[in-house]
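**Q** Quick one: the structure is below, questions incoming.
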């Protein structure tokens, strides 16, 4: 059976370059931040965003326990990525939706997600990639997914390649977009 | 950049079991037949279908040159798969569209493709998988893709998992479905 998380990782991994700059657009508990920080290595850097203090605290603890020091944890909306990251970036991850274990009334919002993805694409280096996981099991998530697809379908394919992987007979299951700059 | 053929192979490979029975539903020049025959090994068997004599001739030559003897080449529509294959099968491949280098007026037709996919799913063993590549660059291909998606979206996800991978900002590019029995 398809392992969605493993597939996501296998598709974004080739973009995460040692020594590069990567962005975790949805820090949450920091597991992706940690994964990116190891992949870019000591010569690289990871910027991680969340609007919840709790996310920064969990992530800081995790990174400290793992002896990782190449990350900047930023308490701001990922839609402000350009205020904090000059780019170019080799890779970025979005896990849209809830902070696992956190306040379920706080979800990523479609408008800020769209701006963050748009700006993330602007920041992408040649051969860079973004992975955007969508959770359509709640109304805002489903709307987010539709708006993202609409936005991505308008990019010029000669510069940006936007793919989608979805389990089509399980509409509420997570799915993802892969966005690659040529 | 995404390599669609490599991704297809990586997703169907875990299903192609050594010693198993596999089906190449669209033999063409036999390259997938050869690939499947090597993956199932001498203890396994591959049934390959095409309605064009030319396809059987090319494939027979290729298999002979490669010293492969575990394949049955069948001159019949893949929609008659159940007449030739008892099952269960571990894997099956569809490359819908033209025979490369062949008569471009002969394409797979949506109705027979749908029946072949439906029957292929019936034949799937537990943990078996089908990979269906669609070429929507011509009208029949685009229609085929829509009808396949409609059919697959109705399968009970507790038994069959149907995924789709598509480059969303390049509507005429090939895309594929992965169909897995639980």
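Chains as they are written, first to last, in this note's numbering: chain A, 116 to 297; chain B, 116 to 297.
We put the beta carbon where it would ideally sit given N, CA and C, even for glycine.
All values derive from a computational prediction rather than experimental measurement.
Quick check on the DSSP output: what are the complete alpha helix (DSSP H) runs of length 4 or more inside the region 120-166 of chain A, in order along the chain?
**A** 146-155
**Q** If residue 123 (chain A) and residue 246 (chain A) are in contact, beta carbons under 8 Å, what's the gap, nearest whole angstrom?
**A** 5 Å
**Q** Three or more C-beta pairs under 8 Å: does that hold for the region 250-264 of chain B against the region 256-272 of chain A?
**A** no
**Q** Can you list, in chain order, the stretches of the beta strand (DSSP E) that have 3 or more residues and sit fully within the region 234-265 of chain A?
**A** The beta strand (DSSP E) runs lying completely inside the region 234-265 of chain A and spanning 3 residues or more are 239-249, given in chain order.
**Q** With 16 other CB atoms within 10 Å as the buried threshold, where does residue 241 (chain B) fall?
**A** So residue 241 (chain B) counts as exposed.
**Q** Does any residue of chain A bring its CB to less than 9 Å from the CB of residue 271 (chain B)?
**A** yes
**Q** Are the Cβ atoms of residue 144 (chain A) and residue 161 (chain A) separated by less than 9 Å?
**A** In this structure, residue 161 (chain A) does not lie closer than 9 Å to residue 144 (chain A) by Cβ.
**Q** For chain A, check one thing: does any of its Cβ atoms lie closer than 9 Å to the Cβ of residue 126 (chain B)?
**A** Yes, its Cβ sits closer than 9 Å to a Cβ of chain A.
**Q** What is the DSSP secondary structure of residue 232 (chain A), counted as helix, strand or coil?
**A** helix
**Q** By alpha-carbon positions, which one of B:192, B:205, B:207, B:147 ends up nearest to residue 224 (chain B)?
**A** B:192
**Q** In the DSSP assignment, find the unbroken alpha helix (DSSP H) run with residue 178 (chain A) in it and report its ends.
**A** 168-180
**Q** Going along the chain, which residues of its own chain have a beta-carbon closer than 8 Å to the beta-carbon of residue 142 (chain B), five neighbours each way excluded?
**A** 148, 163, 164, 165, 170, 171, 174, 188
**Q** Restricting to Cα atoms, I'd like to know which of A:296, A:121, A:279 is closest to residue 290 (chain A).
**A** A:279
**Q** Less than 9 Å between the C-beta atoms of residue 137 (chain B) and residue 194 (chain B), yes or no?
**A** Their beta carbons are not under 9 Å apart, which means residue 137 (chain B) does not touch residue 194 (chain B) by this criterion.
**Q** On the criterion of 16 or more Cβ atoms from any shown chain inside 10 Å, does residue 130 (chain A) qualify as buried, or is it exposed?
**A** buried
**Q** Please report whether the beta-carbon of residue 285 (chain B) lies at a distance below 9 Å from any beta-carbon of chain A.
**A** yes
**Q** On the DSSP bridge assignment, give the partners of residue 296 (chain B) in chain order.
**A** B:275
**Q** What does DSSP give as the partner residues of residue 207 (chain A) in its beta bridges?
**A** A:138, A:245
**Q** For a test of the three-state rule: what should DSSP assign to residue 224 (chain B), helix, strand or coil?
**A** DSSP places residue 224 (chain B) in coil when its eight states are reduced to three.
**Q** Hey, out of B:118, B:293, B:119, whose CA is closest to residue 208 (chain B)'s CA?
**A** B:293
**Q** Let me know the secondary structure DSSP gives residue 194 (chain A) once reduced to three states.
**A** helix
**Q** Could you compute how far the alpha carbon of residue 284 (chain B) sits from the alpha carbon of residue 211 (chain A)?
**A** Just so you know, the alpha carbons of residue 284 (chain B) and residue 211 (chain A) end up roughly 21 Å apart.
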